[in-house]
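For the record, the sequence lines run as chains F and G. Each residue of the first sequence is one higher than the one before, counting from 0 in numbering that gives the first Met the number 0. Each residue of the second sequence is one higher than the one before, counting from 0 in numbering that gives the first Met the number 0. Just so you know, even glycine gets a beta-carbon here, dropped at the ideal spot from N, CA and C. A short write-up of the structure that comes next.
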Amino acid sequence: MKETKNIIFTLDGREAEARPDETVLSVAKRLGVDIPALCHHQAVTSYGACRLCVVEVKKGKRTRIVTACIYIPADGDVVETGNERVNKLRRIILELLLARCPEVDLIRSLAGQYGVDASSRFRVSGSAGAGERCIICGLCVRVCAEVMGQHAIGYANRGGKRMIATPFETQTEDCIGCGACVFVCPTNALHLEDIGGKRVMKELYTSMPMMKCTGCGREFATEKQIEKVRHCLPAAHDKIAMCPSCRRAAFRDAAGQALI
Amino acid sequence: MKGIIVVKVDRCLGCKSCEIACAVERSRSKVLSEAIHEHPAPPKGIWVEKGNTFVTPLQCRQCEDAPCLTVCPTHALHRDDRQSPVLIDGGLCVGCQLCVLACPFGVIRMDDDLHAIIKCDQCSQRVSDGETPACVASCLTGALEFKRIEDVLQEKKEAYLLTIERSAETREL
Ligand code: SF4
Ligand code: FES
């Protein structure tokens, strides 16, 4: 069976084995080779947006630059993850990212690591204003659509004005307020806050009602999150409208009762 | 050894040794004196639940038909088989918190500082090294025990038979 045969290639001078369909980034991770990657998450399709994971691939006499999060090696490839050419490219990419998002810690520390000067020589035009944190890598868009199946976030505009937004830049019915987008965002560009009985995600124009725990009255999740859990669990238990701490207390009381 | 953590609720004194042992086990240093200075603070996966008259330790029950596994959209939560603990693969987790809301016991939580879902993994590493889970090892009163599932079933069977026998005696009296 040809398609199940593993691929043998060279990674930074040593022999490496990839499962068919496995990317260079995944093999590198497994072998403890560090490749910087901002827009990659194991649970979603790779998109190659940030370009930080560039590596060099030598195939016979030809050399080219590919993104490690997408590139699937072929037998005999010689991959270099940190040679002079690769590092030079990463420095330029980091300079560009730094020009757009000078306040993002992760980008700053990567820039430092690659010896990129804190003041970028590039100037920003387009939609990015002061304090911009979004690199438009679309990880939030992909997580929301592919993993959560909600399709609440997308892109708006084109070129320099491109940005992450909900449709028509208004609150969307599709968002359940789960916060997966906030969780995966590599640059902390998205925020989630529970204030005054509402879950607010200001970058996504969203403010939605929360559910009060039937035990203590604390607001612990959005109504739509609970709806989603009910939907996913055919046999939802009776504590679904309780906060975790009241669920633990309910167990304790049940155990206590059983003893008496 | 495959096993489960059995809680003998009437033995718990509420001393919270298990909570501390759990956090220390999850710390980088695995030593109490150093763990207390670590940032972010090492998390715990067990709760000593105190009521007015009653206290009991509570951690993931490793449900046979685990709701958290059912709701997890990425298979970040996974297990080898129905008798093995439910484990989490942090690389696959997207932080949607469906598992937190699905758990009937309220023992899965999101640790914001660690940016990770925390749940009891029954100290898989310790157990495969032939030790008992940290909470069990730390419990001074024997309120927490680590037992093979077959043994638990056997004990239950014996206890049940005993009650039947007893009730037969009582009837004679
Ligand atoms: S928070 Fe992570 S582990 Fe829990 S259901 Fe979501 S993806 Fe799965
Ligand atoms: S991680 Fe590969 S392009 Fe961003």
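Look at Asp9/G here: in three-state DSSP terms it is helix. In this structure, Gly47/F has its beta carbon less than 7 Å from a heavy atom of the ligand FES.
Check the Cα spacing between Met147/F and each of Met200/F, Leu138/F and Glu94/F: the tightest is with Leu138/F. In the three-state DSSP reduction, Asp193/F falls in the strand class (E or B).
Under the three-state reduction of DSSP output, Ser127/G falls in the helix class. Distance from the CA atom of Gln121/G to the CA atom of Ser83/G, rounded to whole angstroms, is 9 Å. For Gln224/F, the enclosing alpha helix (DSSP H) stretches over residues Glu222 to Cys231. Note that the segment 227-243 of chain F touches the segment 101-108 of chain G; at least 3 beta-carbon pairs, one per stretch, sit closer than 8 Å. Taking the CA atoms as reference points, Val32/F sits about 35 Å from Cys134/G.
If you check the CB distance, Cys59/G and Gly44/G come in under 8 Å. Below the 9 Å Cβ cutoff, chain G contributes Pro66, Ala101 and Pro103 as neighbours of His236/F, in chain order. Using beta-carbon distances, Cys95/G counts as an interface residue toward chain F, with a partner under 8 Å. Of the other Cβ atoms in all chains shown, 16 or more fall within 10 Å of the Cβ of Ala248/F; this residue is therefore buried. Taking 8 Å as the threshold, the shortest C-beta distance from Val85/G to chain F does not fall below it. Within 10 angstroms of the beta-carbon of Ser127/G lie fewer than 16 other beta-carbons, which makes it exposed. Taking 8 Å as the Cβ-Cβ cut-off, the segment 202-233 of chain F approaches chain G at Ala220, Gln224, Ile225, Lys227, Val228, Cys231 and Leu232, given in chain order. Listed by position along chain F, the residues whose Cβ is nearer than 8 Å to that of Arg108/G are Pro243. In this chain, the alpha helix (DSSP H) harbouring Ala253/F covers Pro243 to Leu258. For Met162/F, the closest Cβ of chain G is not nearer than 8 Å. Leu109/F carries a helical assignment under DSSP once its states are collapsed to helix, strand and coil.
When 9 Å is used as the limit between beta carbons, Asp9/G is near these residues of chain F: Leu258, in chain order. Per DSSP, reduced to three states, the secondary structure at Val103/F is coil, with no helix or strand assignment. Listed along chain G, no residue sits closer than 7 Å to Ala27/F by beta-carbon distance, the nearest being about 14 Å off. Not flagged as an interface residue toward chain F: Thr140/G, since no C-beta distance is shorter than 8 Å. Annotation for Val85/G indicates a beta carbon at 7 Å or more from all heavy atoms of the ligand SF4. In terms of side-chain proximity, the C-beta atom of Thr165/F is found no nearer than 7 Å to any non-hydrogen atom of the ligand FES. Scanning chain F for C-beta atoms nearer than 7 Å to the C-beta of Leu91/G yields Gln41 and Ala42, reported in chain order. The beta carbon of Val181/F lies closer than 6 Å to those of Leu189 and Leu191 in the same chain, with the five residues before and after it left out. Three or more pairs of CB atoms, one per stretch, sit closer than 8 Å, so the segment 40-55 of chain G contacts the segment 21-29 of chain G.
Among the residues of chain G, those whose CB is under 7 Å from the CB of Asp252/F are Gly50, following chain order.
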